[in-house]
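If you read the protein sequences in the order shown, they are chains F and R.
Counting from 4, one number per residue, gives the positions in the first sequence under my numbering.
Counting from 4, one number per residue, gives the positions in the second sequence under my numbering.
For each residue, glycine too, the CB sits at the ideal point set by N, CA and C.
Number of protein chains: 2
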Amino acid sequence: MARTAARTDVTRSAVLAHIGAHGPTSRAELARALSVSPALITGATKRLITDGLLTELDHSPSQGGRPARLLGLAAESGRAIGIKVVADHITLVEVGIDGTVHRSATRPYDAAVGTALSDLATITVSFIAECAPGPLLGIGVGVPGTVDEQDAGTVDSTQLGWVRVPVGDTLRRAVDLPVLVENNVNALAMAEALYGSGRGLGHALVVTIGTGVGAGLITDGDVLRGWRGGAGELGHMPVLTDGPACVCGSTGCLETLISERALLRRAATEGVLPDDSGIEALHASANSGDPIAVDIYRSAGTHLGRTLAGVVNLLDPEAVIVLGEGVTAWAHWQAGFEPAFRAALIPHTRHVPVTVETWQDDRWAQGAAALVLSTPFDAVGRSGEQGRLVRERLAIGEAPAGAASTAGPAGNGA
Amino acid sequence: MARTAARTDVTRSAVLAHIGAHGPTSRAELARALSVSPALITGATKRLITDGLLTELDHSPSQGGRPARLLGLAAESGRAIGIKVVADHITLVEVGIDGTVHRSATRPYDAAVGTALSDLATITVSFIAECAPGPLLGIGVGVPGTVDEQDAGTVDSTQLGWVRVPVGDTLRRAVDLPVLVENNVNALAMAEALYGSGRGLGHALVVTIGTGVGAGLITDGDVLRGWRGGAGELGHMPVLTDGPACVCGSTGCLETLISERALLRRAATEGVLPDDSGIEALHASANSGDPIAVDIYRSAGTHLGRTLAGVVNLLDPEAVIVLGEGVTAWAHWQAGFEPAFRAALIPHTRHVPVTVETWQDDRWAQGAAALVLSTPFDAVGRSGEQGRLVRERLAIGEAPAGAASTAGPAGNGA
DNA sequence: TACTCTTTCTTCACCACTTAACAAAGGAGT
DNA sequence: ACTCCTTTGTTAAGTGGTGAAGAAAGAGTA
């Protein structure tokens, strides 16, 4: 029933998060952006300033009326760690409260060994040890698989071979920080909705192309998780009635037709590439004009386009955003994608724009960090208890307990 | 950001709606059900009782502690009209605040003629004229097509041949009552989530089988409308890569394979039935064991099952609910549906239950009425201004204006 | 220069809800 | 009986929010 529920000062955090994401902002602008009354902003910022989390900057040039006094974050009031886990390596990033990556690292990893979980903890701890001192709000973990609740963080993943692995609990014990775990595509979609081209869109379809294919469904401004966090499984939409067998047990799933493996397999059987080539080889072939390589991408694009059109028809999003490692070859996909996609759209959705984002490698981990940085916006309690803890840490921030008022911003690191 | 926004006493209406939907309820139970503090319920019910909308009933048997004092609706504190519009007729129902149908009528109608809109208004007015006197909260209209906003009520419908037809505005002018317009399947899904087997489910997939096929997507306890109200278009999911041409311009859409027309066409070409048979004839043939008729249903079931599995994989609902005129023949669909559906589900969703509801004809119109009766639950402002009006009428109800308390809360009047 | 207009920010009164503590009203031991 | 225990309902104080009115600070313009 969307009550005032959340027993924590959401507004304070929302203000911080907004300034973090959008840079210095005036009070009036904050009120508009957070759709909250100016009166409230006055109160909230007053406390944030006395707490030392915000500082008043210069007046910004007037726009016809009284000039706005901008508010900026007081130095480094918070950072988050984002972790991307895949089968053979881990990427970690340290992200500022404004979403910028400060530091990043990649470590070899084997998700299949028995010590996978403790290895993850060890790597994380050592990464955190190198962090600049200062408030660390929490850790976000993105995994290729389903997560029951961000809060608990129990992971099922065929790709990693994990069944009910308690990632959240384990990490939490190891680092003593709030830990939020989420499906990697959902995390990316959340980042996209916060900082990327999905910003301000109530309904968007975020599609990732990489080794597999995935989707993050942004509906009503929030990522749709489904009953048990499993929403977004685009890879197993049935496409061909009697297509290749899929690991999921079905046949002709989208993934069996357009995943990296599928493309490479076709390349091998058609003799364009040797059996053990990487996707870069296929991309290179297509770039050099090899007609079969081009056609492999084109027909993958066709399958993707047709399937996505079905999803768009079903969900009526405002935009489709495509990103992921695979978009480097998008030019080749597009030849098949565009016509198939548009042809299968119903009139109502026919003009939905498709945005393809250029891809940076840290993006996945950055998305994971966004789990933490987006908690202030979490009105529905998606992030549960851990989200509460993040907000708490944010509220405390640089001014740890004790004196509070009177003593003022104290700033004594500790 | 889920503020307290809605400028109206939501709680009063929520209490009424809950008691309406679930029967007499104790204060403590209300507090739990609406996830609101007992203190608030005390206050809200106090006012509702003095306003004459609620009455205190008998004490209910104790459950170990102080026995609960049940609260019931004071007689007929509100009713709503539900209207189902299809191409060749209109069904209207008068529904009590508890969701029960008091009266129902079907009128011939032609959606294609130029006067379709004024005809609709005329029929509605005459139906209302026969209503028992008393507070009428509003009118809900379910149409086969997309509706921009429930509040405005502008309809696009290929099935009716309507393009941007201002159903809401016109009806509103004709009857001077709040009017809410919505896609019929969405309306049905809402009713299902409120009163039917979807009650209490946060995520459900409501599928209708009739002349066509449709879906209502319940996510996070609410019907997903999409950007411009178009969500739920299940009929145009691509199924066969080179299937029959569809009215939407694509080929091989689900609807081209399993709609009533599609089934009858196949029956005709395979010689089971004469060209102009109705669906009942096909159903009868299948009942009498005609192998081709049986196979027509079976293969339709296969297509439906496979496609639905894709949707379930994508959205991760807690349950699938199938209803509609078509379920009378469900036994025949099922032979194809079950195996195809289960086979195409990924492990995560494999055990999603499928409920088939027996079908009453008024159900569509009842769903439309639920639009009105569910407004109290509308936290996100889906129903907009018209919803506010409904709530206002509900609040005024039997105790029209006048006294209130002394000066009292003056209302947000002018 | 002074008057108006626009935009920003603040103060104030008010409201819906919440938490906390408590009163009320019955069971279940002993 | 009498105490505990459990559940229901109420009261009172506190909090996060709102809208409305007005103060503050500059631009535009006669």
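Burial state of Val375 (chain R) is buried, judged by a 10 Å Cβ sphere holding 16 or more other Cβ atoms.
Straight across, the Cα-Cα distance linking Ala234 (chain R) with Leu318 (chain F) is about 4 angstroms. For Asn187 (chain R), no chain F residue has a Cβ inside 9 angstroms of its Cβ, as the nearest lies near 16 angstroms away. Following the DSSP letters along the chain, one finds Trp333 (chain R) in no beta strand (DSSP E) but inside the alpha helix (DSSP H) bounded by residues Trp333 to Ala347. Contact annotation: Thr305 (chain F) and Gly339 (chain F) have beta-carbon atoms nearer than 9 angstroms. With a threshold of 9 angstroms between beta carbons, Ser253 (chain F) makes contact with chain R. Around Ile349 (chain R), the beta-carbon contacts reaching into chain F at under 7 angstroms are Glu236, His239 and Cys251. Chain F has no Cβ within less than 9 angstroms of the Cβ of Ala119 (chain R). Annotated as distal: Val178 (chain F) and Gly156 (chain F), with beta-carbon spacing of 9 angstroms or more. Under a criterion of Cβ atoms nearer than 8 angstroms, the residues of chain F adjacent to Ala312 (chain R) are, in order, Pro241 and Ser253. When 7 angstroms is used as the limit between beta carbons, Thr352 (chain F) is near these residues of chain R: Gly233, in chain order. Inclusion of Pro241 (chain R) and Ala368 (chain F) in the CB contact set at 9 angstroms is not warranted, their separation being larger than that value.
For Gly201 (chain R) against Ile221 (chain R), the beta-carbon gap comes to about 6 angstroms, under 8 angstroms, which counts as contact.
Using a Cβ distance threshold of 9 angstroms, Ala194 (chain R) and Leu208 (chain R) do not count as a contacting pair. In the three-state reduction of the DSSP assignment, Glu97 (chain F) falls in the strand class, which pools E and B. Straight through space, the alpha carbons of Thr58 (chain F) and Leu191 (chain F) are spaced by roughly 31 angstroms. Chain F places no beta carbon closer than 9 angstroms to that of Gly339 (chain R), leaving this residue out of the contacts. Taken in chain order, the complete beta strand (DSSP E) segments of 3 or more residues contained in the segment 166-194 of chain F are 182-186. For Arg72 (chain F) and Thr45 (chain F), the gap between their C-alpha atoms comes out near 12 angstroms. About 5 angstroms separates the Cβ atoms of Asp365 (chain R) and Ser107 (chain R), confirming a contact at the 8 angstroms cut-off. At a C-beta separation below 8 angstroms, Pro320 (chain R) has these neighbours in chain F: Gly229 and Trp230.
In the DSSP annotation of this structure, the continuous segment of the alpha helix (DSSP H) that includes Thr305 (chain R) starts and ends at Pro294 to Leu318. Residue pairing from DSSP places Ile84 (chain R) in a beta bridge opposite R:Glu97 and R:Ile142.
Between Ala132 (chain R) and Thr173 (chain R), the beta carbon gap of about 18 angstroms keeps them out of contact (Cβ cut-off 8 angstroms).
Here Cys134 (chain R) is exposed. Its C-beta has fewer than 16 other C-beta atoms within 10 Å. For Thr118 (chain F), the closest C-alpha among the options F:Asp151, F:Glu360, F:Val168 and F:Gly145 is that of F:Val168. Val18 (chain R) counts as buried, since at least 16 other C-beta atoms from the protein chains shown sit within 10 angstroms of its C-beta. With contacts defined by Cβ atoms closer than 9 angstroms, Trp362 (chain F) and Gly313 (chain F) do not form a contacting pair. In this chain, the alpha helix (DSSP H) harbouring Ala372 (chain R) covers Arg366 to Leu376. Shown here is that no member of the segment 172-196 of chain F has a Cβ falling below 9 angstroms from a Cβ of chain R. Sorting R:Thr109, R:Gly102, R:Thr103 and R:His105 by C-alpha distance to the C-alpha of Leu95 (chain R) places R:Thr109 at the top.
In this chain, the alpha helix (DSSP H) harbouring Val128 (chain R) covers Ala119 to Ala132. Here the alpha carbon of Tyr112 (chain F) sits roughly 25 angstroms from the alpha carbon of Gly99 (chain F). The C-beta distance from Arg82 (chain R) to Leu120 (chain R) rounds to 24 angstroms, too long to fall under 8 angstroms, and the pair is not in contact. The three-state secondary structure of Arg228 (chain F), taken from DSSP, is coil. With respect to the 9 angstroms criterion, Gly329 (chain F) and Ile212 (chain F) are classified as neighbours on the basis of their beta carbons.
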